[in-house]
Amino acid sequence: MPGVPSNKACERCKKRHLKCDETRPQCQRCINAGVECPGYLQTRKFIDQGATVRRRYAPYQESHSKTTSNGHETAVSLGDSGVNPSLQYRGSVPVSFAKDATSSEPARQSTLLRASFSSSCQSSGRQHAVRPASFPEDHTRAQMPTQSPEVLGNARVEVDLEHPFTHDPIIGWDSQHDRGPPASDISTREADRDDFQNIVSELMTGTEHELAFLTRYFAENLGPWLDLSDAVKFFAVHVPIRAINCVSLKYAMAAFAAKQLGRVKGVKSHTGRGILTSPAASEIYPNSETVDWFLKGVNYYYLSVSDMSKSASDGYSSVSTSVVIDSPIEILKKWLSTQSAKTTGQDLSNGVFLRKVEDILATVAILIYYKLLDTKGETWHTYLAGTHEVFSALMQMKRTDTIAFSHGIQACFWNFARLDYLGSYYIRAKTHLNPSDTSLWRAAGISIDENEKFNIVDTADPYMSKEDHTFNGLCWLAFKVVNFLAHSKQAQVAQWVGSPIARTPSSSGSSRATSVQLSQVPDTNTWLDLCFELQTWFEGAPETIRPCVRIEHPRDLSRRSEDHSSPFPEVVHTMAPCAAAMQHYHFVRIALLLNRPPDVVGGPSTAFDRLQSYREVTKEVDHRCREVCGIALGRPHAEVRINMIPLLFAVGQCLEMDNERQIIVDLLRGIEADLGLATGYAVEKLQSSWHRG
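Residue numbers (this note's numbering): -1 to 691.
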């Protein structure tokens, strides 16, 4: 029988049904995914050797019956887009959205899909019987090792997309197959089985069960990331409920969850859910470790952005099919600008309008986290461009200065704020949000007096606990420190090139200078003011800021040697906002210690005085580095760990001992392994700087 050449794609792309660029020796798609390309198989395959070859060289276009929820048979072809008309692929990016994915009724999404892969099997000529759909539930994958298909050509396959987790796809065989396939066909059968599982995974995109799985995963694992300083848990509790009636929010959660699952290779954490009882159906996903979660995440991302764009335009514009679309923040900016330009205007006191603002703002925040999962820290700053304009527009829509933002807007604001100053620290750039605009920060829920000083008070805000208020106040102080560093860098560059420092007016419009405006030259007085504010914050922090467990020199009990004690302590806090607050407090103190401006008048006058001053700074920096590492070694909550990457990067630059540096590397790599947030760039930069030193 004549043979046909096998697919020229590499083995990984062929297995995942992805378009391969066929670059030798490794394709670009494998390089981008960070995996080793398995290479290209040059053998020839006979047409009847597998379903993959048969689909490629003789596409099956015959219609087949599909049982709907009402029991009738309808025609369905695997070659068309009838399974989910909202998803069409070109490469890894959907290029058209023929129909809104939510318009399909739940009954259609949960329909039992009977896909009959039937073409003539020239090698055997046998017609295989159909195994009844009532196959016992206790026949698991481990009990069916010899029933993997040799080919899918003449098998009738039944896949229940509503309950796909009970048992494997059911394929009927005759008595000869029950005796076991030839050993020479093992690799072919395994490849065909993997191909079938990939097809099932693709068919499940957008289905009711997959969205339920991703929504629950977001609520339990990822929502708390965004609720670090929100005791009422807007993202973990309220956002999944609001997503029932907000399509863009639902797809944003699905995109974020899918991409994060791809980053951790489909492994789920069941902490707190028990280990003896069986998981719920909404907690599991078939073959989660082999699913192409990245592809699903990309599709859900573009579905979310497209729906948000359509919703933001009030439904008067068509959904864009362009691959290049506006960023989520740009879409929100345009919509707020449109609302402000309306003759009647919009007020945040309007409940319907406020709810829409909160939903779109929450969608944008989730999509930004989606983008930052695998982004280098140096580019975080660019993804937040436009943040200042968004909240300035919201301030204009807030008719009175005495009323703070709503719960949803506050929850989103503090996520933008934390990412803003952490991303700005990486590149020593000015933050997007201006800490001198005190009216904005008061609207966000913190107490700032008329002298522009933060005070820790028992807030009357029902959505913010005292611990949340304490941590948020420290974030505002961190903004002032980061802008001080950015201005110091600007002053140094100006001094090197011999040009005067540009004097820019305050964005708040006030002519009175403050300690963080770029119109001021950084001096010792400004530096001392910041140090005093941080010390005042620490002295006024509540008792819950203290750790409940502290081990000065923890030792690995699995090793007998006494030399394996850690050079850092292990510090455990009971509350996530308190652990984060103390870590960030020591971080900003380190930043100030290492960036003190020279004091010409009151500085050390002799060489001995200067040396003594350097020793004091070194001693305090070492102490605060130990504290930052100690909290990290205590393995705090995930919402604390995702915000400590810049902190560990800064501390790593201060350490000199090899064992201490290795701990920093292990902590950074542990964050990426456990949570999926990219840290490889930070490790590479640290190791490069250590080798230079």
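We put the CB at the ideal spot given by N, CA and C, even for glycine.
Given the structure is predicted, the values throughout are model-derived calculations rather than measurements.
Looking only at C-alpha atoms, which of SER276, TRP474, LEU259 sits nearest to LEU438?
TRP474
Quick one: does ASP607 have its CB under 8 Å from some CB of chain E?
No chain E appears in this structure, which consists of one protein chain only.
Taking C-beta to C-beta, are PHE292 and LYS257 nearer than 8 Å?
yes
Can you give me the C-alpha to C-alpha distance between ILE29 and ILE662, rounded to a whole angstrom?
27 Å
Residues near LYS263 by beta carbon distance below 8 Å, same chain, minus five either side
GLU287
How many angstroms separate the CA atom of PHE216 from the CA atom of SER280?
12 Å
Please return the same chain residues whose Cβ sits closer than 6 Å to the Cβ of PRO134, not counting the five positions on each side in sequence.
Residue placement at PRO134 cannot be trusted, given a pLDDT of 36 that sits under 50; what the coordinates show is reported in the next sentence. Excluding residues within five positions, none has a Cβ falling inside 6 Å.
Residues bridged to VAL547 (per DSSP)
VAL570
Let me check one thing: in DSSP terms, what residues is SER553 bridge-paired to?
It is Arg, not Ser, that sits at residue 553 in the sequence shown. DSSP, once it has assigned bridges, lists SER563 as partnering ARG553.
Quick one: what's ILE446 bridged to in DSSP?
PHE452
Pull up the distance between the alpha-carbon of PRO565 and that of ARG622, whole angstroms please.
13 Å
Among the candidates ALA539, LEU590, VAL350, ASP357, whose CA atom is the shortest distance from the CA of ASP466?
ALA539
Cutoff 6 Å; reference ASP290; Cβ partners in own chain excluding five residues on either side
ARG14
Buried versus exposed call for MET306 [16 or more other C-beta atoms within 10 Å across all chains shown]:
buried
Contact belief for LEU526 with GLU568 at Cβ below 8 Å, rounded distance in angstroms:
In fact, because the Cβ distance is near 33 Å, the residues do not count as touching under 8 Å.
Would you kindly check if the distance between the Cβ of ARG397 and the Cβ of ASP459 is under 8 Å?
no
Give me, in chain order, the residues of the same chain whose beta-carbon lies closer than 7 Å to that of VAL480; leave out the 5 immediate sequence neighbours on both sides.
TYR419, SER422, TYR423, THR429
Measure from the alpha carbon of ASN641 to the alpha carbon of each residue in GLN337, ARG27, PRO575, ASN593, then state which is nearest.
PRO575
Taking only the alpha-carbon atoms, compute the straight-line gap between ASN348 and ASP372 and give it to the nearest angstrom.
38 Å
Using the Cβ count rule (16 or more neighbours within 10 Å means buried), how would you classify VAL615?
exposed
Residue closest to ILE239, alpha-carbon to alpha-carbon, out of VAL649, GLU537, ALA210:
ALA210
Can you tell me which of GLN394, TRP333, ALA409, ALA391 puts its alpha carbon nearest to the alpha carbon of ILE364?
ALA409
Are the CB atoms of LEU417 and LEU392 nearer to each other than 8 Å?
no
Can you give the beta carbon distance from LEU472 to ALA579, rounded, assuming they're within the 8 Å contact cut?
5 Å
Taking all protein chains shown into account, decide if ARG10 is buried (16 or more other Cβ within 10 angstroms of its Cβ) or exposed.
buried
How far does the alpha helix (DSSP H) with ALA217 in it reach, from first residue to last?
No alpha helix (DSSP H) contains ALA217, which DSSP labels as neither H nor E.
DSSP-derived helix/strand/coil call for LEU675:
coil
Specify, as a first and last residue, the run of the alpha helix (DSSP H) that CYS473 falls within.
464 to 495
Specify, as a first and last residue, the run of the alpha helix (DSSP H) that GLN533 falls within.
522 to 538
Can you name, in chain order, every residue of its own chain whose Cβ lies under 6 Å from the Cβ of SER486, other than the five neighbours on each side?
PRO520, ASN593
So what's LEU592 in DSSP terms, helix, strand or just coil?
coil
Have a look at ALA676 and GLU658 and give me their C-alpha separation to the nearest angstrom.
21 Å
Nearest-angstrom Cβ-Cβ length linking ALA415 and LEU431, presumed shorter than 8 Å:
6 Å
Have a look at SER227 and HIS582 and give me their C-alpha separation to the nearest angstrom.
13 Å
Between VAL230 and the ligand NAD, is there a pair consisting of the residue's CB and a ligand heavy atom that are separated by less than 7 Å?
Questions concerning the ligand NAD fall outside what the structure shown contains, since it holds no ligand whatsoever.
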